[in-house]
Amino acid sequence: AGLRNHGNTCFMNATLQCLSNTELFAEYLALGQYRAGRPEPSPDPEQPVGRGTQGQGEVTEQLAHLVRALWTLEYTPQHSRDFKSIVSKNALQYRGNSQHDAQEFLLWLLDRVHEDLNHAVKQSGQPPLKPPSETDMMPEGPSFPVCSTFVQELFQAQYRSSLTCPHCQKQSNTFDPFLCISLPIPLPHTRPLYVTVVYQGKCSHCMRIGVAVPLSGTVARLREAVSMETKIPTDQIVLTEMYYDGFHRSFCDTDDLETVHESDCIFAFETPEIFRPEGILSQRGIHLNNNLNHLKFGLDHHRLSSCTQAAAKQGKTDLPPTRPGGDKIVLLVCNRACTGQQGKRFGLPFVLHLEKTIAWDLLQKEILEKMKYFLRPTVCIQVCPFSLRVVSVVGITYLLPQEEKPLCHPTVERALKSCGPGGTAHVKLVVEWDKETKDFLFVNTEDEYIPDAESVRLQRERHHQPQTCTLSQCFQLYTKEERLAPDDAWRCPHCKQLQQGSITLSLWTLPDVLIIHLKRFRQEGDRRMKLQNMVKFPLTGLDMTPHVVKRSQSSWSLPSHWSPWRRPYGLGRDPEDYVYDLYAVCNHHGTMQGGHYTGL
1 AGLRNHGNTC FMNATLQCLS NTELFAEYLA LGQYRAGRPE PSPDPEQPVG RGTQGQGEVT
61 EQLAHLVRAL WTLEYTPQHS RDFKSIVSKN ALQYRGNSQH DAQEFLLWLL DRVHEDLNHA
121 VKQSGQPPLK PPSETDMMPE GPSFPVCSTF VQELFQAQYR SSLTCPHCQK QSNTFDPFLC
181 ISLPIPLPHT RPLYVTVVYQ GKCSHCMRIG VAVPLSGTVA RLREAVSMET KIPTDQIVLT
241 EMYYDGFHRS FCDTDDLETV HESDCIFAFE TPEIFRPEGI LSQRGIHLNN NLNHLKFGLD
301 HHRLSSCTQA AAKQGKTDLP PTRPGGDKIV LLVCNRACTG QQGKRFGLPF VLHLEKTIAW
361 DLLQKEILEK MKYFLRPTVC IQVCPFSLRV VSVVGITYLL PQEEKPLCHP TVERALKSCG
421 PGGTAHVKLV VEWDKETKDF LFVNTEDEYI PDAESVRLQR ERHHQPQTCT LSQCFQLYTK
481 EERLAPDDAW RCPHCKQLQQ GSITLSLWTL PDVLIIHLKR FRQEGDRRMK LQNMVKFPLT
541 GLDMTPHVVK RSQSSWSLPS HWSPWRRPYG LGRDPEDYVY DLYAVCNHHG TMQGGHYTGL
């Protein structure tokens, strides 16, 4: 039977569907066995209602009422409405109609039922369940609780945390209970980013590449990945972000890599060499030649090929390296039609390497030289047809034709000093054209086609295919040995010294009803995401034996977990009992920002 959704209560309804189909738990509630030994409520009207008084047990009572209605086919929406009201009364976080996590609600509900039952046992004055005697305990085993409730007997087990000293190999064990095993999902160690590379030279051209970067780290890892793919030395790569309206963010090596997303338009500019070894230069020339042999860029393909081939043979580029004491500036340039918010970038960006003392007319000629391949052949330019804007940290500054040495402007100097570590110090310039001048001067002002390198397809195939794993792999990751960080070093009781021990989680016992939670929700800095990896699991015959601590034969006499309705007192769980069948799934659809839970 389905449950009525009262606002955003799908998280609650899906959880209740799973619990109501847990036969032993449903029978325990529906038949009223939870009331056994419970004393009558106090008739004192002055006694406050709440936990430990008349209000104690109302969550369990209302849950039993709802489960009974489901199994007798007497359910009405009022049953689930009353249950939500009682839950909201006892837990402030569930008031209102906000969305919540189903696993968190499940643990809260089981813990609350346990407290209700435990309180009833204490008030009844009945002796608690007798634990095993200390003489029956194994030396490495855990201590058992004096009192347990039905919730613990059905859902709870223990895991062991083992801390091993790397020096003396002594092992320290601690045992903790669990109601649910939260399994991590194996993640790929890298993610794809797509970068448009702007190569330098008289015949500037672009190519889009795909690279794999770590899930976390700094932008330095992205620069290294681009360098490996293009054979451009890392100190000659400038990373920036560009969109239809021009330059946006600039990146330095210390920036957080998690701030760079797959959908961002990242550009990598190849800047001129400063001190480049001859060997690295020849590798760069050969790599560039291989990439360009089968591609055409604009109208100057043959000239471009000859330029790159000559560079590969001679071991030099079109621009000489900057010498010590040289006073040249690297300029990253893009063209923009119109000004203000209506402006739109056109053509391909390019790189200039010019003397800082260059005059305005020579600066204009250098810019037009880069753009002559799509200038109208009959055009003769005699006056300055554009404005030059410096992309600065704050404010808007234009370089004026009246200035004798425009690149000596204080804003240019500030832009150079604002460059962070990694890459070449540079200045970003925006060449702004009015629409009429642009249409008059240029044949084709649309963005030129930027081809994709083979690496784009390879990265898409590698990362965009649905990642699959098995439940066994999730358990292997859960029980994987981890080394303590230096700041978490612990004092070994045997060595009496601080050690970076190795910690391992393992399952010491298993419950009759095993609840497994797949940790799909992930927080990366300010980003919240849901892992869409497909996890394969069996519907029947899940054998948990490989994931349980292997013990000696004598330890099987230890009552590590006792269910009074399944085994006589004093008998432990045999290895063949570690086989489970699936009967309920709580499934989440959507994202962390919004979704829907269903019970299967």
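FYI, the numbering for the sequence shown is 1 to 600, going by UniProt numbering.
From the three backbone atoms N, C-alpha and C, an ideal C-beta is built for every residue, glycine too.
Residues near residue i by beta carbon distance below 8 Å, same chain, minus five either side
{"i": "residue 628", "result": "Missing from the structure shown is residue 628; the chain here goes from 1 to 600 and no further."}
{"i": "G325", "result": "For G325, the pLDDT reaches just 36, beneath the cut-off of 50, and the residue's location in the model is therefore unreliable, although a value from the coordinates is still provided. Taken in chain order, the list of residues that qualify is empty."}
{"i": "E482", "result": "S502, I503 and T504"}
{"i": "S263", "result": "none"}
{"i": "V456", "result": "Y194, R208, I209 and G210"}
{"i": "H494", "result": "C165, C168 and K170"}
Cut-off 6 Å between Cβ atoms - residues of its own chain near residue i, not counting five sequence neighbours on either side
{"i": "S392", "result": "T411 and A415"}
{"i": "D256", "result": "none"}
{"i": "Q158", "result": "P142, F175, P177, W508 and T509"}
{"i": "A268", "result": "V195, V197, V226, I237 and L239"}
{"i": "D543", "result": "V579"}
{"i": "T591", "result": "K530"}
{"i": "A453", "result": "M207 and I209"}
{"i": "L66", "result": "H79 and F83"}
{"i": "R68", "result": "A30"}
{"i": "H119", "result": "Q56"}
Residue j beta carbon less than 9 Å from that of residue i
{"i": "L193", "j": "L222", "result": "yes"}
{"i": "L507", "j": "H547", "result": "yes"}
{"i": "M534", "j": "C469", "result": "yes"}
{"i": "R112", "j": "T149", "result": "no"}
{"i": "Q473", "j": "A489", "result": "no"}
{"i": "I515", "j": "C265", "result": "no"}
{"i": "C10", "j": "Y597", "result": "yes"}
{"i": "L24", "j": "L110", "result": "no"}
{"i": "T71", "j": "A26", "result": "Note on identity: in this sequence residue 71 is Trp, with Thr being the wrong assignment. Cβ distance < 9 Å, so W71 and A26 count as in contact."}
{"i": "T190", "j": "A212", "result": "yes"}
{"i": "L73", "j": "L29", "result": "no"}
{"i": "L407", "j": "T357", "result": "yes"}
{"i": "P333", "j": "P272", "result": "Correcting the residue type first, residue 333 is Val in the shown sequence and not Pro. Contact: no."}
{"i": "S250", "j": "G420", "result": "yes"}
{"i": "L3", "j": "H517", "result": "no"}
{"i": "F106", "j": "T15", "result": "Note that residue 106 is Leu in the sequence shown, not Phe. The answer is yes: Cβ separation under 9 Å."}
{"i": "V151", "j": "H114", "result": "yes"}
Burial state of residue i (16 or more Cβ within 10 Å)
{"i": "I396", "result": "exposed"}
{"i": "Y449", "result": "exposed"}
{"i": "K365", "result": "exposed"}
{"i": "H248", "result": "exposed"}
{"i": "M207", "result": "buried"}
{"i": "P377", "result": "exposed"}
{"i": "G32", "result": "exposed"}
{"i": "E461", "result": "exposed"}
{"i": "D512", "result": "buried"}
Boundaries of the beta strand (DSSP E) in which residue i is found, first to last residue
{"i": "M207", "result": "H205 to P214"}
{"i": "M242", "result": "I237 to Y243"}
{"i": "D581", "result": "Run containing D581: none; DSSP gives neither H nor E here."}
{"i": "Y28", "result": "Careful: Y28 lies outside any beta strand (DSSP E), inside the alpha helix (DSSP H) at E23 to A30."}
{"i": "T234", "result": "It is not in any beta strand (DSSP E) - T234 carries neither H nor E in the DSSP assignment."}
{"i": "G595", "result": "G595 to G599"}
{"i": "S250", "result": "G246 to S250"}
{"i": "L407", "result": "Element bounds for L407: n/a, residue is neither H nor E."}
For residue i, the residue or residues it bridges with in DSSP
{"i": "S387", "result": "E432"}
{"i": "R345", "result": "R336"}
{"i": "K536", "result": "T470"}
{"i": "M529", "result": "R522"}
{"i": "K328", "result": "E355"}
{"i": "I516", "result": "I181"}
{"i": "Y199", "result": "H205"}
{"i": "E413", "result": "According to DSSP, which records beta bridges pairwise, E413 is partnered with nothing at all."}
{"i": "Q158", "result": "P177"}
{"i": "W490", "result": "Q499"}
{"i": "E115", "result": "Per DSSP, none; premise fails for E115."}
{"i": "residue 605", "result": "The first residue shown for the chain is 1 and the last is 600, placing residue 605 beyond what the model contains."}
{"i": "R191", "result": "V213"}
Continuous alpha helix (DSSP H) stretch holding residue i: start and end
{"i": "N90", "result": "P77 to N90"}
{"i": "K263", "result": "A small correction: the amino acid at residue 263 is Ser; Lys does not occupy that position in the sequence shown. Neither: S263 is in no alpha helix (DSSP H) and is coded neither H nor E."}
{"i": "S20", "result": "C10 to S20"}
{"i": "I367", "result": "W360 to K370"}
{"i": "Q500", "result": "From DSSP, Q500 is part of no alpha helix (DSSP H); its letter is neither H nor E."}
{"i": "R460", "result": "E454 to H464"}
{"i": "T60", "result": "E58 to W71"}
Residue i beta carbon near the ligand FAD (any heavy atom closer than 8 Å)
{"i": "N5", "result": "Of ligands this structure carries none, so the ligand FAD is not represented either."}
Chain-order list of residues whose beta-carbon lies under 7 Å from that of residue i (same chain, five-residue window excluded)
{"i": "D116", "result": "Q56, G57, V59 and T60"}
{"i": "R81", "result": "H6"}
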